[in-house]
Amino acid sequence: MPPHKIIVRRFSMEKIFGNVYKQVLRGVITAVLITLACVLIFALLLDVTGMSESVIRPVNQFIKVLSVFAGTVLFVKGEKGWLKGLLIGLISSLLSSLLFGLISGGASFGLSMLIDVLFGAAMGVISGVISVNLPRRKF
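Following the numbering used here from start to finish, the sequence shown increments by one per residue and tops out at 143.
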């Protein structure tokens with residue numbers, strides 16, 4: 005292969021992978037921030053209203069899944085939405101679980117965390133597929 009074609013191909017691959025990293029990083033940051041904000045608001049509501057502790061787990065799971073959906077739909081575009089969504093779901097779910105484990109005083113790497121990460125990954129894949137098929141508006 006002539007040298008000029010190798011350079012063009014290398015530049016194209018860097019551009020493609022750089023764009024993927026940016027989309028995933030933005031999606032992960034957004035999902036983690038939304039999760040953090042919503043969980044803090046929910047904790048305040050839980051404290052003020054005195055709701056039963058049995059609602060904590062399902063509501064936290066819903067918040068994490070909704071955050072992954074938002075982070076993916078807002079930032080994933082182009083091809084391979086399922087893969088970008090999968091990465092956003094896995095990384096943001098893992099980071100959220102670790103962050104809340106550190107805040108509460110100890111992260112547990114058990115079945116609960118595995119379920120959170122798997123739900124996040126599944127939601128990421130679904131969101132990524134939806135995201136790349138949405139029409140984009142230019143502002």
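Yeah, the Cβ is synthetic: ideal placement off N, Cα and C, and Gly gets one too.
Could you tell me whether the region 107 to 125 touches the region 76 to 88, using the rule of 3 or more Cβ pairs below 8 Å?
no
Locate the alpha helix (DSSP H) running through L98, then write down its first and last residues.
85 to 108
Where does V80 sit, in a helix, a strand or coil, going by DSSP?
coil
Cβ-based neighbour list, R30, same chain, cut-off 7 Å, excluding 5 preceding and 5 following
F79
Buried or exposed, going by whether 16 or more other CB atoms sit within 10 Å of the CB of M127?
buried
Taking its Cβ as the centre, do 16 or more other Cβ atoms sit within 10 Å of F66, making it buried, or is it exposed?
exposed
Distance CB(L94)-CB(G124) smaller than 9 Å:
yes
Cutoff 6 Å; reference S71; Cβ partners in own chain excluding five residues on either side:
A35, I38, T39
Can you say whether F143 is buried or exposed, counting buried as having 16 or more other CB atoms within 10 angstroms of its CB?
Low per-residue confidence applies at F143: pLDDT is 42, beneath 50, and the placement is therefore not dependable, though the value from the model is reported in the following sentence. F143 comes out exposed.
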